[in-house]
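Novice: First to last, the sequence lines map onto chains A and B.
Residue 391 in the numbering used here sits at position 391 of the first sequence, with consecutive numbering throughout.
So the number in the numbering used here is just where the residue sits in the second sequence, counting from 1, plus 419.
Protein chains: 2
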Amino acid sequence: MSATSTASTAYSPARVVADLRALADRTGGPEGSRRLAWTPEWLSARTLLRESLTGLPVEVDEDEAGNVWVVLRGERPETLVVGSHLDSVPKGGWLDGALGVMAGLELIRSLAAEGIPPVTVALVDWADEEGARFSRSLFGSAACVGTLDIEVLRGLTDKEGAKLPEILAQHGVDIDNLDGARTRMNDVKAYVEVHIEQGPILESMGKGICTVTGTKGIERERLIFRGQAAHAGTMPMEMRRDSFRAASRFALAIAEIGERHQGVTTVGHAQCWPGVVTAVAGETRITMDMRHIDAGSLQAMFDEAHEAAAAAAEAEGCTIEWEHIFRIPPMPFHPALLEAARTSVREVEGHDVELPSGALHDASEMAREVPTVMIFSSSIAGLSHTKEEDTPDEHLHMAADAFDRTCRRAIDLIVAGEL
Amino acid sequence: MSATSTASTAYSPARVVADLRALADRTGGPEGSRRLAWTPEWLSARTLLRESLTGLPVEVDEDEAGNVWVVLRGERPETLVVGSHLDSVPKGGWLDGALGVMAGLELIRSLAAEGIPPVTVALVDWADEEGARFSRSLFGSAACVGTLDIEVLRGLTDKEGAKLPEILAQHGVDIDNLDGARTRMNDVKAYVEVHIEQGPILESMGKGICTVTGTKGIERERLIFRGQAAHAGTMPMEMRRDSFRAASRFALAIAEIGERHQGVTTVGHAQCWPGVVTAVAGETRITMDMRHIDAGSLQAMFDEAHEAAAAAAEAEGCTIEWEHIFRIPPMPFHPALLEAARTSVREVEGHDVELPSGALHDASEMAREVPTVMIFSSSIAGLSHTKEEDTPDEHLHMAADAFDRTCRRAIDLIVAGEL
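(1) Excluding the five sequence neighbours on either side, which residues of its own chain have a C-beta within less than 6 Å of the C-beta of CYS691 of chain B, listed in chain order?
(2) Counting only Cβ-Cβ distances shorter than 8 Å, please list the residues of the stretch 131-163 of chain A near chain B, keeping chain order.
(3) Which residue wins for smallest C-alpha separation from ASN186 of chain A, given the options A:LEU178, A:ARG154, A:ALA367 and A:VAL145?
(4) Are ARG291 of chain A and GLY677 of chain B close, meaning C-beta to C-beta below 8 Å?
(5) Under 8 Å by Cβ, that's how I've got VAL631 of chain B and PHE752 of chain B pegged, so tell me the actual separation to the nearest angstrom.
(6) Could you say if the stretch 309-318 of chain A and the stretch 152-171 of chain A meet the contact criterion of at least three C-beta pairs nearer than 8 Å?
(7) For ALA665 of chain B, which residues of its own chain have a beta-carbon under 6 Å away from its beta-carbon, when the five flanking residues on both sides are left out?
(8) What separation, rounded to the nearest whole angstrom, lies between the Cα atoms of LEU530 of chain B and HIS688 of chain B?
(9) Mind listing which residues of the stretch 47-81 of chain A have their C-beta closer than 8 Å to chain B's C-betas, in chain order?
(10) Can you list, in chain order, the residues of its chain with a C-beta nearer than 8 Å to that of GLU525 of chain B? Leave out the 5 residues immediately preceding and following it.
(11) At least one CB of chain B closer than 8 Å to the CB of GLU328 of chain A: is that the case?
(12) For the stretch 280-295 of chain A, list every residue whose C-beta sits within 7 Å of some C-beta in chain B, in sequence order.
(13) On the premise that VAL538 of chain B lies in contact with ILE830 of chain B, defined as a C-beta separation below 8 Å, what is that separation, rounded to the nearest angstrom?
(14) In terms of residue numbering, what span does the beta strand (DSSP E) encompassing SER377 of chain A cover?
(15) Is it buried or exposed, ARG46 of chain A, if we count other Cβ atoms within 10 angstroms and call 16 or more buried?
(16) Name the residues in the stretch 199-221 of chain A whose C-beta lies less than 8 Å from a C-beta of chain B; which are they?
(17) With PHE644 of chain B as the anchor, note down where its beta strand (DSSP E) starts and where it stops.
(18) Thinking C-alpha only, which one of A:HIS261, A:ILE209, A:THR215 and A:PRO200 is nearest LEU659 of chain B?
(19) Which first and last residues belong to the alpha helix (DSSP H) in which LEU20 of chain A is found?
(20) Give every residue of the same chain whose Cβ lies closer than 6 Å to the Cβ of GLU622 of chain B, excluding the five residues on either side of it in the sequence, and list them in chain order.
(21) Closest to ALA336 of chain A by CA distance: which of A:ASP149, A:THR265, A:SER384 and A:PRO371 is it?
(22) Would you list the one or two residues that DSSP bridges to ASP96 of chain A?
(23) How many whole angstroms separate the CB atoms of GLY263 of chain A and MET205 of chain A, which I take to be in contact at a CB cut-off of 8 Å?
(24) Quick one: is SER364 of chain A near chain B, going by C-beta distance under 8 Å?
(25) Can the beta-carbon of ALA279 of chain A be found less than 8 Å from the beta-carbon of THR265 of chain A?
(26) Looking at chain B, is there any beta carbon in it that lies within less than 8 Å of the beta carbon of CYS318 of chain A?
(27) Could you pull out every residue in the same chain whose Cβ sits closer than 6 Å to the Cβ of THR762 of chain B, ignoring the five residues on either side in sequence?
(28) If you count every other CB in all the chains shown that lies within 10 Å of the CB of ASN596 of chain B, and 16 or more means buried, which is it?
(29) Is the Cβ-Cβ distance between VAL124 of chain A and VAL68 of chain A less than 8 Å?
(30) Distance check for TRP94 of chain A and ALA3 of chain A, CA to CA, integer angstroms please.
(31) Using 8 Å as the threshold, is the stretch 801-821 of chain B in touch with the stretch 504-512 of chain B, meaning 3 or more CB pairs across them?
(32) Just to confirm, is the Cβ distance from ALA363 of chain A to ALA181 of chain A under 8 Å?
(33) Determine the direct distance from the alpha carbon of TRP457 of chain B to that of ALA588 of chain B, and round the result to whole angstroms.
(34) Span of the beta strand (DSSP E) holding SER776 of chain B?
(35) When DSSP labels each residue in this structure, what does THR762 of chain B get in the three-state scheme?
(36) Could you tell me whether the Cβ of GLU678 of chain B comes closer than 8 Å to any Cβ of chain A?
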């Protein structure tokens, strides 16, 4: 089975879902999707995309960062970019990223069937959005807006020890020439992406789709609590300097901080040294992830986290060290495109629900340089990055429909010189 | 340099320390001692012990569990056993276990120089006390009292995947015949062991040695908190079921339980799944170790730990599962031998300090079957299982002296039919 390419003028949400199922048939399985970036199965997904373009009046090529560009030339060089990513986490879901690519494919198909569009429209399959193999997410979109740190990239390895520069080279990507992808942004006037929510909020509200107001800012840090390793039997409680107890105090405090500021805070990883049942942990490393749509609130949470960590360390006679992992500011989307999305959601599902995105998307990088907006579909039980990831078909249809309407409004705005 | 074997009638604590330094010269190094059980360097340590016996009227052999027995036949078959272990943890200290073996060696030397002792005296170098490679401590002493679970042993592997039964076979130990070591206990009437405290209490009291009243009972469990893995950015705080938060609540609660009962409680290991910075931990596994010298208090702590775990799980919408790891009841030492040790400590350092041992020792296994007592020396800063492990020479001398006096009193008690 291959993606459908039956010609038809009107944008068909059903065809988007059919294309998604074709992709899942080729690159999914009982354990979930297998489209890890820079692997043969990811290339297989990209081949399916290229096959689906057969007969369409488009130019297809890859930029210097491995992003696939499908360009439908319009009457003017000003460009609307749509897209998302075909890569997935290992054992991932069938919709994460793929929805945006297939919805964009259908947009290209329907526009092409209508003749030459007034502006150029490009579908991009961004390379390695997930960062699941080398821990650098948003790889391809970051390259286009120049936010990659090449020196950091040089040092990245996967679990097997393979080096990112060598793996990139195997895929025709030269780590010393990633900046070449910057030129793709020259005529870009707007970016629109549709994605599953990957969270439970829309479902809990009984809604299928919504406008996305922006992506939350993120602070990611590693915290290292250091006390004194000691024998679990011979060190009296009152003489201990227990780093895991300090980490535990912090984990509870940071949750309270997230709740109080209506943000999200997470300790998702912990490791103790020596890490055995018979020893007090002399050192405990944890990760912290905190997100907020408002930059001031995010800063306040971050400041309070530092106070909480210092207090937790002091309470247990430990020291605390912070190691920076990642930071991205909140990325509010563009007012005119937000209005286009709101109108489209209202037309399709009859409400004005809008949410900030707690997850990062390629739209987070695009929003740094060009007017951007996103549409969400619901996620069943909020699950993503797992084979259980799913969305009711009718919500996928509504999301594709609202995306199409938003894109056409974006084209109108570009033509009107308002973007 | 080899262990000293100069003949001299009187028990010489200085010779014990000299033997310990000779052992450290052969099997230590800048990173600490390297006498991991069932490795060539452990065998090298045992060879040093055998070399030190040259010229002594002793019978030396290994039992079915790999314990080395050095037997000085007395006028009667009733036997005093002394000993400890030459094996160490990787990068361990120079005194842990070795002190007891070398102090016992000096006892054999001094008794042999005095003629045939009234009862038989045996020095044992217990095999694999630490359990550092296969996670089963007290291997050799447990074999002698029949407390090994052979079926559990069959499944044990080291970090490289080597199987315990095969490694034992390489050392002449048949896993199906470990019970043969039981016969060694037939004539044993008492067991005396000297060991470093491995904790900071004696040092904090300004003392060099003390009588040990028994070894604390231990409950070791693995706790598995299960919630729901979720995206760190998209799952609202109020909808989370965060297993690491549940584990954190438990870690703080169990510390309070240990303090309140004047026992010790430790969470030394934690592991989260999926265990990444960007995900709420759906599952967190931690270990719990709790110890008390009083069986009733230990049971109360254990019961309260179950209540605390249930409350922590419920507070975070998680479930809790317990996996049993290890259990040993408190092992109070023998009244007559305790009196002998107290008298000896009083003679040597002039006080009546006594402590329970928070660490397990081979004496914990021996105490199941025969009258047992221990003497502790101090540990600088309470450190053990590390190359920094050390004890002032004068404290080592006092410990060896008090051990010698206690052993001679034990011999008198055996002769008098009081053990």
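Ideal Cβ placement from N, Cα and C applies to all residues, glycine included.
Specialist: Based on what the coordinates show:
(1) PHE663, ALA700 and THR703
(2) none
(3) A:VAL145
(4) no
(5) 7 Å
(6) no
(7) PHE644, ALA731, ALA732, GLU735 and CYS737
(8) 46 Å
(9) none
(10) TYR430, SER431, PRO432, ARG434, VAL435, ASP438, ALA819 and ASP823
(11) For the sequence presented, residue 328 of chain A should be read as Ile rather than Glu. Not closer than 8 Å to any Cβ of chain B, the Cβ of ILE328 of chain A fails to qualify, so no.
(12) VAL280, ALA281, THR287, ASP289 and ARG291
(13) 6 Å
(14) 372-377
(15) buried
(16) GLY199, PRO200, ILE201, SER204, LYS216, ILE218 and ARG220
(17) 636-645
(18) In the sequence as displayed, the identity of residue 659 of chain B is Arg instead of Leu. When only C-alpha atoms are compared, the closest one is A:PRO200.
(19) 13-27
(20) SER797
(21) A:PRO371
(22) Answer by DSSP bridge pairing: none, since ASP96 of chain A is not bridged.
(23) About 19 Å separates the two Cβ atoms, so there is no contact after all.
(24) no
(25) no
(26) no
(27) none
(28) exposed
(29) yes
(30) At ALA3 of chain A, the pLDDT of 42 sits below 50, so the modelled position is not reliable; the number obtained from the coordinates is stated separately. If you take the alpha carbons of ALA3 of chain A and TRP94 of chain A, they lie about 14 Å apart.
(31) yes
(32) no
(33) 10 Å
(34) 773-776
(35) helix
(36) yes
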